[in-house]
Amino acid sequence: MSTLKVALYLLVFPGFLFQSGFSTWLEWLDRKLYARMQNRRGPLYTGWSGMMQPVADIIKLLSKEDITPANADKGAFAFMPLLSLASVVTAGLYIPVWHLSRFNSFEGDIVVVAYLLAIPSFALFLAGWFSVSPYSLLGGTRVLTQLFAYEVPFFLALLTPAVMAGSWKLAAIAAYPWASGNWWVLPVQVIAFCVALLTLQAKLERVPFDIPEAETEVVGGPLTEYSGKKLALFRLQKDILMYVGSALVACVFLGGFGGGLWLGVVQLVVKTSFVVALLSVVRAACARIRIDQIVTFSWRWLAPASVVQFLIVLLIKASGAAQ
Amino acid sequence: MPETIHLPMGPQHPFLKEPVKFDFDIQGEEIVGARMNIGYNHRGLEKLCEDRNYYQCMYILERICGICSHSHTTAFCQATEKLLGLEVPKRGLYLRTLVCELERLHSHLLWLGVAAHEVGFDTLFMLVWRDRELVMDPLEEISGNRVNYAFNTIGGVRRDLSEEQRKKILAILQPLIDRLEYYANIGSNEPSFEARIRGVGKLSKEHAIEMCTVGPFARASGVDRDSRRDAPHAAYPDLEFKVITNEECDVFGRVLVRVLEMVESCKMIKQILDALPEGEFVAPKVMRRVPAGTAISYYEAPRGEDIHYVRSNGSEKPERVKVRAPTLANLEAACESVVGSLVADIPIAIASIDPCYSCTDRTTIALTDRRRGRRVTTWGELRQYGIDWYRRNRGAHF
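Chains Y and C supply the protein sequences, listed in that same order. Okay, so the first sequence: first residue is 1 according to the numbering used here, each after it adds one. Okay, so the second sequence: first residue is 324 according to the numbering used here, each after it adds one.
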């Protein structure tokens, strides 16, 4: 019985099947909102109102010819999509929506998720490095430069609710407002929420932070040489990363997904969609900034803002208001 | 010192709308050297004109460029009219100018969208192109076509403007001016957009004059030049307009110059429609044979000064037609202006001249007859060379 349960957990919910299904739906939502904000229709024909379009895109890519450049390191070139997909899917297992055992919910799992979410960036850099093309190299180095810009503010922002809740466990952080009744802590953390949103946007490499894969500058960035199945895996990884990232932000800043399995799932859908909608607005409202500008922006504004938020939370904790 | 990497961009690259080759030397993200090569799009249209009569030439020259098609025919018509000594009726000149200004509007709007896309601001791109339809509709209404209008003819224009069409054009002007003010506001106040265009692609005034730049590209470097004022043609002497210049010398200045120029165009269209003279719109009798001689005509196309040179030998066909499109004058300066900036600035710095490679493409083949030591190749030999080349390299037989 328990083996079946674990298999269900890993493969169906909240494992691979749910993650890929829901994340493609989120991609559709993002594309649709982005299109409507630009006075376009967006996906329209595949499925109801184009809902199956992201799935169709991935299936199409899976069936395309898969080319490996002659100069590329064959093994590493093929391994990178798998590595990045595996790491984000694993990170998704820790999102506290349905608790199984202490294996997926333990003290310190927020740090594990944050680190698992950093792996795709390194995989992307290595993918660019091993493809041996000027655009891939340029895109790969941009991925790393950008990582150094956003990663610290991202961690600091995630840390704030953890300190507030006095726990390193995602489930405990999410349950804190429910358990203590201190709902006012959510609006207090609005600075950290904004920082987390912007750094998540940078992690997902979307406008205004889509510098590594800026189409007009470096063609496809690190993915320039990728095609077929490997590109499809990278696409799926990007979608799942968007789901896991927004679920993580919704979990720590928007009160999590408590209240049992069904209510939890409903909350998961509503809250992650809300975060994705905010990300779409940011995407539609900006131009792409330069690599030197994101480093300056992160360290001049985002990092100090998250430190200020951290101090505010520490002061609240010290005053004893959040007991 | 980081290693210098060679970064080829083109002939096929997402930032290019047409084929052209750029070679950059980069150290990290910084550009230390830039070279370019054109000639991927050469169609030999100038040569084709020598086989056609003057009316047929217009349809060929119209197809030099899809965006400024009216510019090339106007420049050619003016040169031919000069050779013929033809007086164009006032109404014809006014209508010709009307289409010129509508074309300038749609070309600048198109450019603004492309520029926004180059810096990843796709929302602005989509919205600008939606508003461009405001201008495309009247153009279709007047001429029947959205891009190649076929509106000019030697001695005037081919269609008249009805009162109903006049009212329709007047109706779009105010909404368009409102939208343009909104875009000028976005260009100067949207922080991420401004961060990408301010201080990018610097070209000093002295350098702009030295490199013979033309059009909005030169005017954004503070060069106060505009053929509409300096070499009066069409109905421009009768119209009141400001020549927009800007001292910013960067892409930011070029955006502002173009947007404000569009506002000026709207005002000029209003003047034209208010003062449209009555009478004929095309000269009644035009000779098919053009007297021998040469003529040069200047015309301020949306991208800058367009020059046509026509030489006639007294027959029905021109002996030589030579086109100097504005992109050719600007391209080298734009390519040079990216040295010292970052890789991310390449697309917008190059796009800031509103490049049109199909207008500008030309090719030079230096053929020297090594055996006989002659420097000149006869037409027959050139033809034979072409046939041999295709047989050898493409397996084609003629």
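We put the CB at the ideal spot given by N, CA and C, even for glycine.
* Could you give the residue range of the alpha helix (DSSP H) that holds G75 (chain Y)? -> 74-93
* Asked: For the beta strand (DSSP E) that contains M332 (chain C), what are its first and last residues?
  -> 327-332
* Asked: In this structure, does DSSP put H311 (chain C) in helix, strand or coil?
  -> In the structure displayed, chain C extends from 324 to 721; residue 311 (chain C) sits before or after that span and is not available.
* Asked: Would A719 (chain C) be called buried (16 or more neighbouring beta carbons within 10 Å of its own) or exposed?
  -> exposed
* In terms of residue numbering, what span does the beta strand (DSSP E) encompassing K344 (chain C) cover? -> Start and end: 344-350.
* Asked: Would you call the CB atoms of G15 (chain Y) and L117 (chain Y) closer than 9 Å?
  -> no
* To do: Note down the Cα distance separating E571 (chain C) from E584 (chain C), rounded to an integer number of angstroms.
  => 16 Å
* Is it the case that the Cβ atoms of I492 (chain C) and E464 (chain C) are separated by a distance below 9 Å? -> yes
* Using the C-alpha atoms, what's the distance from H395 (chain C) back to A541 (chain C)? -> 20 Å
* Asked: Mind pulling the chain C residues with CB within less than 7 Å of I59 (chain Y)?
  -> Residues of chain C passing the Cβ test: none, with the nearest at roughly 25 Å.
* Using only alpha-carbon positions, find the residue among Y:F154, Y:L11, Y:Q38, Y:L279 that is nearest to V307 (chain Y). => Y:F154
* Asked: Which stretch, first to last residue, makes up the alpha helix (DSSP H) that contains E587 (chain C)?
  -> That run of the alpha helix (DSSP H) goes 574-597.
* To do: Tell me where the alpha helix (DSSP H) around V646 (chain C) begins and ends.
  => Where V646 (chain C) is concerned, there is no enclosing alpha helix (DSSP H), although the beta strand (DSSP E) it sits in stretches over 641-647.
* How about the region 328-347 of chain C and the region 360-379 of chain C: do they share at least three Cβ pairs that are nearer than 8 Å? -> yes
* Asked: Considering S620 (chain C), what are the terminal residues of the beta strand (DSSP E) in which it resides?
  -> 616-624
* Starting from N512 (chain C) and walking both ways along the alpha helix (DSSP H), at which residues does that stretch end? -> 486-512
* Asked: Between the region 287-305 of chain Y and chain C, which residues of the former have CB atoms less than 8 Å from a CB of the latter, in chain order?
  -> A287, R288, I289, R290, I291, D292, Q293
* Evaluate M610 (chain C) with the Cβ neighbour count: other Cβ atoms within 10 Å of its Cβ, from every protein chain shown; 16 or more gives buried, anything less gives exposed. => Residue burial annotation: M610 (chain C) is exposed, with fewer than 16 other C-beta atoms found within 10 angstroms of its C-beta.
* To do: Would you check if the distance between the CB atom of P134 (chain Y) and the CB atom of H329 (chain C) is smaller than 9 Å?
  => yes
* For G467 (chain C) versus F448 (chain C), is the C-beta distance shorter than 9 Å? -> Cβ distance not < 9 Å, so G467 (chain C) and F448 (chain C) don't count as in contact.
* Look at the Cβ atom of A72 (chain Y), then the Cβ atom of E225 (chain Y), and state whether they are nearer than 9 Å. => yes
* Asked: Any idea which residues DSSP pairs P359 (chain C) with across the strands?
  -> Correcting the residue identity first, residue 359 (chain C) is Met in this sequence and not Pro. DSSP lists C:F345 as partners of M359 (chain C).
* Could you please give me the residues that DSSP links to T476 (chain C) through a beta bridge? => C:G479
* To do: Answer with yes or no whether the minimum CB distance from N71 (chain Y) to chain C is below 9 Å.
  => So, not an interface residue.
* Asked: Who are the Cβ neighbours of A298 (chain C) in its own chain at under 8 Å, not counting the five residues just before and after it?
  -> Nothing about residue 298 (chain C) can be read from this structure; chain C reaches only from 324 to 721.
* **Residues bridged to R634 (chain C) [DSSP beta-bridge criterion]** => Under DSSP, R634 (chain C) forms a beta bridge with C:T617, C:R643.
* For P134 (chain Y), return the contacting residues in chain C, with the cut-off set at a CB-CB distance below 8 Å. => I328, H329, L330, P331
* R714 (chain C) CB to nearest chain Y CB: under 9 Å? -> no
* With respect to the alpha helix (DSSP H) encompassing L62 (chain Y), which residues constitute its N-terminal and C-terminal limits? -> 53-62
* Asked: Helix, strand or coil: which one does DSSP assign to E353 (chain C)?
  -> strand
* To do: Quick one: list the residues of chain C neighbouring N39 (chain Y), beta-carbon separation under 8 Å, in chain order.
  => Correct list: M449, L450, R453.
* Classify N636 (chain C) as buried or exposed, calling it buried when 16 or more other Cβ atoms lie within 10 Å of its own Cβ. => exposed
* **Own chain residues within Cβ distance below 8 Å of K74 (chain Y), not counting five before or after** => T68
* Partner residues on chain Y for S675 (chain C), Cβ-Cβ distance less than 9 Å -> Under the 9 Å cutoff, chain Y gives no residues; its nearest Cβ is about 13 Å from S675 (chain C).
* May I have the straight-line CA-CA distance separating Q201 (chain Y) from L428 (chain C), to the nearest angstrom? => 36 Å
* Residue-chain proximity (E352 (chain C), chain Y), Cβ-Cβ < 9 Å -> With 9 Å as the cut-off, E352 (chain C) counts as an interface residue toward chain Y.
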